[in-house]
Amino acid sequence: MRSTMPDFPLTLQHFLWRSTTLFPTKEIVTRRETGRHRYTYADFGGRVAQLAHGLKDLGVRAGDRVGTLAWNNYRHLELYFAVPGAGAVLHTLNPRLFPEHLQYVINDAEDKVIFVDASLLPALQRIANDIKGVQQFVVMTDAPSPDGQLKPMASYEEVLGGRPTSYPWPQIDERDAAAMCYTSGTTGKPKGVVYSHRSSVLHSFGIAIGGGIGLQESDSILPIVPMFHANAWGLPYAATMLGAKQVFADRFLDPVSLTERIRDERVTFSAG
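First residue of the sequence shown? That's 37 in this note's numbering, and the numbers climb one at a time after it.
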């Protein structure tokens, strides 16, 4: 005898659906060089779909690794969902690694595309001649892609530009890889850690329940822990699952900037 209860794979696609369907007007706010970027989960969902189309046009297929060298911001959150949602694997790169270790993890993971914050371009330019498998670099900026030694290069908004705001998300096995990161290589070369969709979903459940952190939809959540470190302790996934307001500091981590974010956005939970 089999259960008659509804059943579905535990994949991150469901978090995207839930937040955009049930909480379309809740906000995602990012500190910028001047002012802040503010949009809703409805806006977020449309851009995640556009990004998924863009990834497909860049040749990203199921199981391919997509690197991100970026701070905590709304574009990084879009990558958190578009990449695994399309069946590829998000590889968050730690900008604090030594150049030789950064080169090693990119080559070891066989990253096909790398998305990089404009402020972190020098870190990649230093090792450009030693990362062989990357087929496309995408700069996370509003402006057209800058000139540089990283070829070929596009800008983030060019990748999204004009593409549909809905996407035919594929069926994914919940045990497929969703994301990966590397250790800091304390006792040798960095070592890869791979997270499945299932593990990420269950972790989100764990930190949302009362016996865990107890996050809820009414919270305003500011993750200070970097999104390149252990999926920011799972906070972006859990917050999106709940439909909670999310606040990102980008690279502006000085005490004054952080306290301004906490005050202005009425942050109720932060971790870092």
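Virtual Cβ for every residue (Gly too), placed ideally from N, Cα, C.
Note that the structure is a prediction, hence the values are computed from the model and not measured.
Would you report the Cα separation of residue 103 and residue 37, rounded to the nearest angstrom?
-> Here residue 103 refers to the residue found at position 67 when the sequence shown is read from its first residue. Here residue 37 refers to the residue found at position 1 when the sequence shown is read from its first residue. C-alpha separation (whole angstroms): 44 Å.
Is residue 245 buried or exposed, if buried means 16 or more other CB atoms sit within 10 Å of its CB?
-> As a first step, residue 245 is located in the sequence shown; it is residue number 209 there, counting from the start. By the neighbour-count rule (16 or more Cβ atoms within 10 Å), residue 245 is not buried but exposed.
Tell me the start and end of each unbroken alpha helix (DSSP H) in the stretch 98-161 that is at least 4 residues and wholly inside, in chain order.
-> 110-121, 135-145 and 157-161, all fully within the stretch 98-161.
CB-CB length for residue 117 against residue 157, believed under 8 Å = Taking the first residue of the sequence shown as 1, we reach residue 117 at position 81. Taking the first residue of the sequence shown as 1, we reach residue 157 at position 121. Wrong, their Cβ atoms sit about 24 Å apart, outside the cutoff.
Outcome for residue 41 when other beta-carbon atoms lying within 10 angstroms are tallied against a minimum of 16 = Here residue 41 refers to the residue found at position 5 when the sequence shown is read from its first residue. Counting Cβ neighbours within 10 Å, residue 41 comes out exposed, since fewer than 16 surround it.
Starting from residue 64, follow its DSSP beta bridges and name the residues at the other end.
-> If you number the sequence shown from 1, residue 64 lands on position 28. 75 and 282, per the DSSP bridge assignment.
Work out the CA separation of residue 304 and residue 24 for me, nearest whole Å.
-> As shown, the chain starts at 37 and ends at 308. That puts residue 24 outside it, with no answer to give.
Identify the continuous alpha helix (DSSP H) that holds residue 238 and give its terminal residues.
-> Within the sequence shown, residue 238 is the residue found at index 202, counting from 1. Its alpha helix (DSSP H) spans residues 233-244.
Determine, using beta-carbon pairs with one atom in the stretch 96-111 and one in the stretch 253-266, whether at least three such pairs fall under 8 Å.
-> yes
If you run the structure through DSSP and keep just helix, strand and coil, what is residue 254?
-> Translated into the one-based positions of the sequence shown, residue 254 becomes position 218. Three-state result, residue 254: coil.
Any idea what DSSP makes of residue 218, helix, strand or coil?
-> Counting from 1 along the sequence shown, the entry for residue 218 is found at position 182. DSSP places residue 218 in strand when its eight states are reduced to three.
Boundaries (first-last residue) of the beta strand (DSSP E) holding residue 314 | Examination of residue 314 is not possible in this model, given that the chain is present from 37 through 308 alone.
Hey, is the stretch 211-220 in contact with the stretch 252-261, meaning 3+ C-beta pairs nearer than 8 Å?
-> no
Run through DSSP, which three-state label would residue 175 get?
-> The residue you call residue 175 lines up with position 139 of the sequence shown. Strand, per DSSP.
Based on the DSSP output, what are the partners of residue 229 in its beta bridges?
-> The residue labelled residue 229 in the question sits at position 193 within the sequence shown. Here residue 229 is bridged, per DSSP, to 217.
Which one of 39, 69, 113 and 68 has the shortest CA to CA distance from residue 277?
-> Counting from one through the sequence shown, the residue named residue 277 turns up at place 241. Ranking 39, 69, 113 and 68 by Cα distance to residue 277 puts 113 first.
Of all the options 182, 176, 181 and 187, which has the alpha carbon lying nearest to the alpha carbon of residue 163?
-> Here residue 163 is taken as the residue at index 127 of the sequence shown, counted from 1. Here the closest residue by C-alpha is 187.
C-beta atoms of residue 62 and residue 77 nearer than 8 Å = Within the sequence shown, numbered from 1, the residue matching residue 62 stands at position 26. Within the sequence shown, numbered from 1, the residue matching residue 77 stands at position 41. Closer than 8 Å, so yes.
So what's residue 259 in DSSP terms, helix, strand or just coil?
-> Taking the sequence shown and counting its residues from 1, one reaches residue 259 at position 223. Strand, per DSSP.
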